[in-house]
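Worksheet for the structure shown next.
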Amino acid sequence: MSLSTALRTGDLAELPSRRDEDWRWTDLRGLIRKIPPAYVYEGTGLAPEIMVEGQAGQIDFYRSPFNANRTVRVSNGMVAGLGLKEPGPLVFDRHDPVIALDVTNAGGGFSVHNRLTVRVPHGLSAVLLESHAGNGDHVVSFDLDIDLEEGASLERIVLVSDHAEAIVVRQSSVTLAATASYAQTVLTTGARRQRLETRIAHPGAQASVRLDGAYLLEAQRHADLTTVVTHGGVDGTTAQLTKGVVRDQARGVFQGRIVVERGADRTDARMRHQALILSEKAEIDAKPELLIFADDVQCAHGNTVGALDEDAIFYAMQRGLPSDRARAMLTAAFVGEVIDRIEHEGARAVALAWAQQQLGEL
Amino acid sequence: MLSIKNLHATVADKPIIKGLTLDVPAGEVHAIMGPNGAGKSTLSYVLTGRAGYEVTDGTATLDGEDLLSLDPNERAARGVFLSFQYPLEIPGVPALTFIRAALNAQRKARGEPEVGAPAFLKLARETAASLKIDFDMLKRSLNVGFSGGEKKRMEIFQMAMLSPRFLILDETDSGLDIDALKIVAAGVNAMRSPDRAMLVITHYQRLLDYIKPDRVHVLSAGRIVASGGPELAHELEREGYDKYGKAA
Ligand SMILES: Nc1ncnc2c1ncn2[C@@H]1O[C@H](COP(=O)(O)OP(=O)(O)OP(=O)(O)O)[C@@H](O)[C@H]1O
Ligand SMILES: [Mg+2]
């Protein structure tokens, strides 16, 4: 049962619904009445460019926020230069192990499905700078498989700017070999309905995972950050931090599950979810779960959902900051903890600017 | 400068300030002493506009301008500063970032040009040195993980940086060791000037040995029940508040 299967087969019954435990807060079956036709590119030459409203009201071309020597562009499901939907694996280059993956969806009324694979060869430290943007009421399914070979490390930063009317499911599946390390930061502004799901097969074996995210939602947007980390062997670590800011009638969903399988002793896994609700009608649904079947583990989770600290706001106002500035400052600082954990300096700066812009608009 | 007339205020519908009248002329330092729960901190919050502190009667003006109808940040821009009895923590915002944002917000409200980063940093370094504050502390999130005394010292640092006209110090001496008390008092005294005034709330004569008040008032059960010169503080130290009645 998945959106991608539904898109492929046209069978509405394949859509996940609220009756599926893992999808109870992100119902698709009740939302999608008819599977939209798959996008067909009928033009010639370059793949379609996405356009967004410019500041002065004119139309500008969307530009990926990231810069890298190697950029892989995916437009309405077509991998640029290849015209393929499911190309072979993207393998990081030893001499310049940075890839910008720039995924855009332009227009509405269609569906798109992609499946990509990324591989980090053994011992290599790589960076994946991923951005997703859209400007229509499309239905998008995007699957990414990430393989880390022994001793490899990958830092993946994902900035998601979907359209308010888009319905989107992105699922990444990460497989780590021994001693590999994987760090992920996902920042999103949500969509009409949006699920960003990460599944990590953790071998233990001195491998480490940092799994971070932030959702910044306004109007009637929805975002669902779902993660499943399965520790299958001894001596693995996972550090997870997800933050959320919701206002208006927006709805944020966090489902974090860490499974420590039998025998995965000496696992160290920590999960924290913190969210700010900035208006009465906004909603947060959170389900942090630790399922521990091993001994001698260090596992903890924390979950706090609340409003801004009004005492701190008064304090800031007493010092001269207007209420909206004080609130923006405290909110940005709250989200800042997630951004500070990004190691790649350039990406951290881009992510900070991106978040500041979203928060300014929130 | 500050003029309070027949002020009545409630907290959670409970009357706390009950007909308080007080004048603090420019250039003067007035001390307020009084038993626990008398309403001293409440007065400081009413003057600075904290939500939940409702004025039901009376007036408070600064140089003739009504304070009570202004937002807290507007009062700050007019020069009202409160050194909190319990300073708040601002997670994720370095002290310097916070203070610079506050200073420039005040200046903007007054129609003054913003202070650029180099000038601000120079001022911050000099001020930190005079208050014996480790400059690295100013790069940490404001007050997060600071000791009680460090928080109080940080209040005075902010006060010096913001250069207010009317200063309210709510038990700034509590939590300070002897050396810190002297440093803080010197910082406060450096701000005394003919066009500034101060309200110093304290329980102890000791602070007033360093910050010499022009007048001392006793606040009990929401009102000023006695006023006098500096000798009143000594008398209170000896005899307590018995003859002024208990707090409400
Ligand atoms: N939120 C509140 N709800 C109800 N009562 C309150 C509230 N805040 C303060 N009070 C009451 O108001 C009274 C005055 O409190 P305030 O903090 O002003 O006293 P104070 O004079 O500063 O005392 P201290 O010397 O202990 O600092 C106290 O009786 C206190 O319990
Ligand atoms: Mg008090």
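First to last, the sequence lines map onto chains S and D. Just so you know, we're using the numbering used here here: the first sequence kicks off at 1 and counts up by one. Just so you know, we're using the numbering used here here: the second sequence kicks off at 1 and counts up by one. Backbone N, C-alpha and C fix where the C-beta goes; we use that ideal spot for every residue, glycine too. These figures come from a predicted structure and were not determined experimentally.
Does residue i come out as helix, strand or coil in the three-state DSSP assignment?
| i | result |
| --- | --- |
| M154 (chain D) | helix |
| H222 (chain S) | strand |
| D60 (chain S) | With a pLDDT of 46 at D60 (chain S), under the threshold of 50, the modelled position of this residue cannot be trusted; read the value that follows with caution. Strand. |
| G108 (chain S) | coil |
| F254 (chain S) | strand |
| N135 (chain S) | coil |
| H163 (chain S) | coil |
| R281 (chain D) | There is simply no residue 281 (chain D) to check, as chain D begins at 1 and stops at 248 in what is shown. |
| Y53 (chain D) | strand |
| I201 (chain D) | strand |
| M161 (chain D) | helix |
| K34 (chain S) | coil |
| E53 (chain S) | Residue placement at E53 (chain S) is poorly supported in this model, since its pLDDT is 47, which falls under 50; the coordinates still yield a value, given next. E53 (chain S): strand per DSSP, three-state reduction. |
| M317 (chain S) | helix |
| Y210 (chain D) | helix |
| S141 (chain D) | strand |
| L46 (chain S) | Confidence at L46 (chain S) is low in this model, with a pLDDT of 46, below 50, so the placement of that residue should be treated as unreliable; the coordinate-derived value is given next. If DSSP states are grouped into helix, strand and coil, L46 (chain S) belongs with coil. |
| R94 (chain S) | coil |
| Y86 (chain D) | coil |
| N6 (chain D) | strand |
| P118 (chain D) | helix |
| R73 (chain S) | strand |
| L28 (chain S) | coil |
| L68 (chain D) | coil |
| Y244 (chain D) | helix |
| E345 (chain S) | helix |
| E310 (chain S) | helix |
| L351 (chain S) | Note that residue 351 (chain S) corresponds to Ala in the displayed sequence, not to Leu. Helix. |
| L7 (chain S) | helix |
| E231 (chain D) | helix |
Along the alpha helix (DSSP H) that carries residue i, what are the first and last residues, could you check?
| i | result |
| --- | --- |
| Y291 (chain D) | The question about residue 291 (chain D) has no answer, for chain D in this structure spans 1 to 248. |
| L131 (chain D) | Unbroken run through L131 (chain D): none, as it is neither H nor E. |
| G336 (chain S) | S323 to D340 |
| E289 (chain S) | No alpha helix (DSSP H) contains E289 (chain S), which is instead part of the beta strand (DSSP E) from E283 to I292. |
| G67 (chain S) | Note that residue 67 (chain S) is Asn in the sequence shown, not Gly. Where N67 (chain S) is concerned, there is no enclosing alpha helix (DSSP H), given that its DSSP letter is neither H nor E. |
| V184 (chain D) | I178 to N189 |
| E74 (chain D) | P72 to A77 |
| F98 (chain D) | A95 to A109 |
| S17 (chain S) | No alpha helix (DSSP H) contains S17 (chain S), which DSSP labels as neither H nor E. |
Using only alpha-carbon positions, find the residue among the options that is nearest to residue i.
| i | options | result |
| --- | --- | --- |
| D324 (chain S) | S:S208, S:G360 and S:I200 | S:G360 |
| L187 (chain S) | S:L90, S:G213 and S:A177 | S:G213 |
| S75 (chain S) | S:N135, S:I284, S:E283 and S:Y182 | S:N135 |
| A180 (chain S) | S:T198, S:V120, S:Q220 and S:T226 | S:V120 |
| V158 (chain S) | S:Q358, S:Q357, S:Q356 and S:A347 | S:A347 |
| L90 (chain S) | S:P288, S:E165, S:T26 and S:T117 | S:T117 |
| P97 (chain S) | S:V127, S:R18 and S:V79 | S:V127 |
| E280 (chain S) | S:A219, S:T226 and S:R270 | S:A219 |
| Y204 (chain D) | D:A226, D:S193 and D:G175 | D:G175 |
| P87 (chain S) | S:D145, S:L176 and S:R33 | S:D145 |
| T310 (chain S) | D:L219, D:K182 and D:L88 | Residue 310 (chain S) is actually Glu in this sequence, not Thr. Cα-wise, what sits closest to E310 (chain S) is D:L88. |
| V140 (chain S) | S:H163, S:A13 and S:R73 | S:H163 |
| P230 (chain D) | D:G19, D:H217, D:Y241 and D:A221 | D:H217 |
Closest Cβ-Cβ distance between residue i and chain C: below 9 Å?
| i | result |
| --- | --- |
| Q106 (chain D) | Absence of chain C from the displayed structure is noted, the protein chains being S and D. |
Which residue marks the beginning of the beta strand (DSSP E) containing residue i, and which one marks its end?
| i | result |
| --- | --- |
| V24 (chain D) | K14 to V24 |
| L124 (chain S) | No beta strand (DSSP E) contains L124 (chain S), which DSSP labels as neither H nor E. |
What are the residues of the segment 87-99 of chain D that lie near chain S, defined by any Cβ-Cβ distance shorter than 9 Å?
P87, L88, E89, I90, P91, G92, V93, T97, F98 and I99
Members of the segment 304-318 of chain S near chain D, C-beta cut-off 8 Å:
D309, E310, D311, A312, F314, Y315, A316, M317 and Q318
Please list, in chain order, the residues of the segment 314-345 of chain S that have any C-beta partner in chain D closer than 9 Å.
F314, Y315, A316, M317, Q318, R319, G320, L321, P322, S323, R325, A326, M329, L330, A332, A333, F334, V335, G336, E337 and D340
Contact between the segment 331-349 of chain S and the segment 229-247 of chain S (3+ Cβ pairs under 8 Å)
yes
Within 7 Å of chain S by C-beta, residues of the segment 39-67 of chain D in sequence order
T48, R50 and A51
Inter-stretch contact at 8 Å, needing at least 3 Cβ pairs: the segment 308-327 of chain S / the segment 92-112 of chain D
Contact between the segment 308-327 of chain S and the segment 92-112 of chain D is present: 3 or more CB-CB pairs across the two stretches fall below 8 Å.
Report yes or no: do three or more beta-carbon pairs, one from the segment 300-317 of chain S and one from the segment 275-290 of chain S, lie closer than 8 Å?
Enough Cβ pairs lie closer than 8 Å, so yes.
Between the segment 128-160 of chain D and chain S, which residues of the former have CB atoms less than 7 Å from a CB of the latter, in chain order?
Hits within the stretch, in order: Q158.
Can you confirm whether the segment 33-42 of chain D touches the segment 340-357 of chain S when touching is taken to mean that 3 or more C-beta pairs between the two stretches lie within less than 8 Å?
no
Mind the definition here: the segment 204-212 of chain D touches the segment 3-10 of chain D only if three or more C-beta pairs lie below 8 Å; say whether that holds.
no
Meets three-Cβ-pair contact criterion under 8 Å: the segment 46-54 of chain D and the segment 286-293 of chain S
The answer is no - the segment 286-293 of chain S does not touch the segment 46-54 of chain D, with fewer than three Cβ pairs under 8 Å.
Spell out a yes or no on whether the segment 139-148 of chain D and the segment 188-206 of chain D are touching, meaning 3 or more CB-CB pairs, one atom from each, closer than 8 Å.
no
Check each residue of the segment 187-201 of chain D: if its Cβ is closer than 7 Å to any Cβ of chain S, include it; give the result in chain order.
none
Given 8 Å as the limit, is there contact between the segment 122-131 of chain D and the segment 179-189 of chain D, that is, 3 or more CB pairs closer than that?
yes
Taking contact to mean 3 or more Cβ pairs, one atom from each stretch, closer than 8 Å, check whether the segment 195-213 of chain S and the segment 163-177 of chain S are in contact.
yes
Using a Cβ-Cβ cut-off of less than 9 Å, give me the residues of the segment 72-84 of chain D that come near chain S, in sequence order.
Identification of residues in the segment 72-84 of chain D having a C-beta nearer than 9 Å to some C-beta of chain S yields P72, N73, E74, R75, A76, A77, V80, F81, L82 and F84, given in sequence order.
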